[in-house]
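Colleague: The sequence shown begins at 680 in this note's numbering and counts up by one.
For each residue, glycine too, the CB sits at the ideal point set by N, CA and C.
Since the model is a prediction, treat every value here as computed from it, not as a measurement.
Could you have a look at this structure, given as structure tokens, before my questions?
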Amino acid sequence: MFDVIVVGGGPAGLNAALTLGRQRRRVLVVDSGTYRNEPAEEMHMFLSRDGFPPAELRRLGRQELANYPTVEIREDLVVAVTGTADDFAVELAGGSTERARRLLLASGQADVLPEVDGVAERFGRGVYHCPFCHGFETAGKPLAVLGGDFSHAMLALYVADRFSDDVVLCANGPLEVSEELRAALSDRKIEVREEPVTRVGGVQNALIVHFADGTPLERGAVFHRPVSRQRSDLAASLGCELLPDGCVRVNAMQQTTVAGVYAAGDTARLAELVGPTPFVITAAADGAKAAIWLEQDLFRSSVNVPIPG
Ligand SMILES: Cc1cc2nc3c(=O)[nH]c(=O)nc-3n(C[C@H](O)[C@H](O)[C@H](O)COP(=O)(O)OP(=O)(O)OC[C@H]3O[C@@H](n4cnc5c(N)ncnc54)[C@H](O)[C@@H]3O)c2cc1C
Numbered sequence: 680m681f682d683v684i685v686v687g688g689g690p691a692g693l694n695a696a697l698t699l700g701r702q703r704r705r706v707l708v709v710d711s712g713t714y715r716n717e718p719a720e721e722m723h724m725f726l727s728r729d730g731f732p733p734a735e736l737r738r739l740g741r742q743e744l745a746n747y748p749t750v751e752i753r754e755d756l757v758v759a760v761t762g763t764a765d766d767f768a769v770e771l772a773g774g775s776t777e778r779a780r781r782l783l784l785a786s787g788q789a790d791v792l793p794e795v796d797g798v799a800e801r802f803g804r805g806v807y808h809c810p811f812c813h814g815f816e817t818a819g820k821p822l823a824v825l826g827g828d829f830s831h832a833m834l835a836l837y838v839a840d841r842f843s844d845d846v847v848l849c850a851n852g853p854l855e856v857s858e859e860l861r862a863a864l865s866d867r868k869i870e871v872r873e874e875p876v877t878r879v880g881g882v883q884n885a886l887i888v889h890f891a892d893g894t895p896l897e898r899g900a901v902f903h904r905p906v907s908r909q910r911s912d913l914a915a916s917l918g919c920e921l922l923p924d925g926c927v928r929v930n931a932m933q934q935t936t937v938a939g940v941y942a943a944g945d946t947a948r949l950a951e952l953v954g955p956t957p958f959v960i961t962a963a964a965d966g967a968k969a970a971i972w973l974e975q976d977l978f979r980s981s982v983n984v985p986i987p988g
């Protein structure tokens, strides 16, 4: 019986395992190894590691965990979980079933890219989802935003406000926003092109957006905010409440609405926030918070003084 099984070995899961390993808890991290920032060669906004390769961060994290004999990491996929607090049964694709008193879901989110040729290959390397992660490096360059809904119009306004005077909103079809938003785009001299985009070509820092009418548009970078979905449906299958955007609802202790099940990182958020804060440092911090409260939960139940509430 493990104290905690952690589903996912990204920054959230690894930092949780570190915190629990230091309290000598028996922890199993099961990781299927499809990380959200896999396509990116550098990560930003992590103090002391700005511009660091994300794969290297994970490698160093695993190396540090090797110092903690009660922590095990297994490359595998959790396919099902049954049971309740104090006795969860976790079924792995590799064939084994492991048991744990508590669960931590740190399984992340997956991005669903638009069906425009060339976007998937360039995602994280010229086509960017997030101005916090990548905006600074695009400053002063001609930029495009690809998408024709409210969130892309707002993204175009944002990158024009922070990074560039030359922003084109490639709506890839009719722009579906209010007159007020259209006026705001026009006020900030953001050109809107509504003809279909057939392909994004070129290389990082020198991309070309190709329109259906054959005209090319040269850009230093393209921003697109993909739809995201849970990487794993375990939270739903356990009956955890999901928020309207699909994130697992957690409280400030990273507890889900199911007893004994915690969640951390991109997979989860507080209902009070208007949206997720999906970053490496926040995922790692969520993992630490979850582990601290998991530890309190395990300890206090062993002395029969449970966490109130
Ligand atoms: C292109 C790109 C660039 C980015 N750049 C930055 C940046 O510069 N700075 C920044 O702060 N953030 C950046 N991000 C965001 C960052 O990637 C995420 O916030 C971070 O990875 C979240 O960590 P996590 O641990 O929650 O999830 P992840 O890192 O996605 O890890 C989740 C892990 O869980 C595993 N898993 C899922 N289901 C199961 C299962 N059933 N069984 C076992 N394992 C499972 C997955 O395979 C994966 O290995 C970027 C994102 C993208 C897409």
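To the nearest angstrom, how far is it from the Cα of residue 830 to the Cα of residue 863?
Modeller: Position 151 of the sequence shown, counting from 1, holds the residue named residue 830. Position 184 of the sequence shown, counting from 1, holds the residue named residue 863. Taking the straight line joining both Cα atoms gives about 14 angstroms.
Colleague: Any chance the region 687-702 sits against the region 788-803, with 3 or more Cβ pairs inside 8 angstroms?
Modeller: no
Colleague: Quick one: residues in its chain with C-beta nearer than 7 angstroms to the C-beta of residue 797, no 5 flanking neighbours on either side, listed in chain order?
Modeller: To locate residue 797, count along the sequence shown from 1; it is residue 118. The answer, listed in chain order, is 878, 879 and 880.
Colleague: Hey, how far is the Cα of residue 773 from the Cα of residue 728?
Modeller: Taking the first residue of the sequence shown as position 1, residue 773 is located at position 94. Taking the first residue of the sequence shown as position 1, residue 728 is located at position 49. The alpha-carbon atoms of residue 773 and residue 728 are separated by roughly 34 angstroms.
Colleague: Taking the straight line between their C-alpha atoms, what separation do you get for residue 754 and residue 707?
Modeller: In the sequence shown, counting from the first residue as 1, residue 754 sits at position 75. In the sequence shown, counting from the first residue as 1, residue 707 sits at position 28. Those two C-alpha atoms are separated by around 11 angstroms.
Colleague: Closer than 7 angstroms to a non-hydrogen atom of ligand 1 - does that hold for the CB of residue 846?
Modeller: By one-based count along the sequence shown, residue 846 stands at place 167. Distances between the C-beta of residue 846 and the heavy atoms of ligand 1 are all 7 angstroms or more.
Colleague: Under 8 angstroms: do the region 835-843 and the region 808-818 share three or more Cβ pairs, one atom per stretch?
Modeller: Cβ pair count under 8 angstroms is three or more, so yes.
Colleague: Nearer than 7 angstroms: is that true of the beta carbon of residue 908 relative to any heavy atom of ligand 3?
Modeller: Ligand 3 is absent from the structure shown, which contains only ligand 1.
Colleague: Going straight from the alpha carbon of residue 987 to that of residue 720, what length do you get?
Modeller: Here residue 987 corresponds to residue number 308 of the sequence shown, with the count starting at 1. Here residue 720 corresponds to residue number 41 of the sequence shown, with the count starting at 1. Roughly 44 angstroms between the two C-alpha positions.
Colleague: Quick check on residue 895: does DSSP put it in helix, strand or coil?
Modeller: As a working note, residue 895 is residue 216 in the sequence shown. Residue 895: strand per DSSP, three-state reduction.
Colleague: Residue 683: buried (16+ other C-beta within 10 angstroms of its C-beta) or exposed?
Modeller: Start at 1 with the first residue of the sequence shown, and residue 683 comes out as number 4. By the 10 Å Cβ count, residue 683 comes out buried.
Colleague: Beta carbon of residue 716: closer than 7 angstroms to some heavy atom of ligand 1?
Modeller: For this step, residue 716 is matched to residue 37 along the sequence shown. Under cutoff, so the answer is yes.
Colleague: From the DSSP output, which residues share a beta bridge with residue 889?
Modeller: As a working note, residue 889 is residue 210 in the sequence shown. BP columns for residue 889 point to 878 and 895.
Colleague: When the Cα atoms are used, what is the spatial distance from residue 770 to residue 778?
Modeller: Here residue 770 refers to the residue found at position 91 of the sequence shown. Here residue 778 refers to the residue found at position 99 of the sequence shown. A direct Cα-to-Cα measurement between residue 770 and residue 778 gives close to 9 angstroms.
Colleague: Take residue 985 and list the residues in its own chain whose beta-carbon comes closer than 8 angstroms to its own, dropping the five residues that flank it on each side.
Modeller: For the purposes of this step, residue 985 is identified with residue 306 of the sequence shown, where counting begins at 1. Result list for residue 985: 976 and 979, in chain order.
Colleague: Residue 843 by DSSP, collapsed to three states: which one?
Modeller: Indexing the sequence shown from 1 puts residue 843 at position 164. Three-state DSSP puts residue 843 in coil, outside helix and strand.
Colleague: Mind checking whether residue 894 and residue 920 have CB atoms under 8 angstroms apart?
Modeller: Mapped onto the sequence shown, residue 894 falls at position 215. Mapped onto the sequence shown, residue 920 falls at position 241. Not a contact, by the Cβ cut-off of 8 angstroms.
Colleague: On the CB-based measure, 16 or more other CB atoms within 10 Å of its CB, does residue 933 come out buried or exposed?
Modeller: Residue numbering aside, residue 933 sits at position 254 when the sequence shown is read from its first letter. Label assigned to residue 933: buried.
Colleague: Leaving out the 5 sequence neighbours to the left and right, which residues in its chain are closer than 6 angstroms to residue 776 when beta-carbon positions are compared?
Modeller: Walking along the sequence shown from the start, residue 776 turns up at place 97. Only 768 and 770 meet the Cβ criterion.
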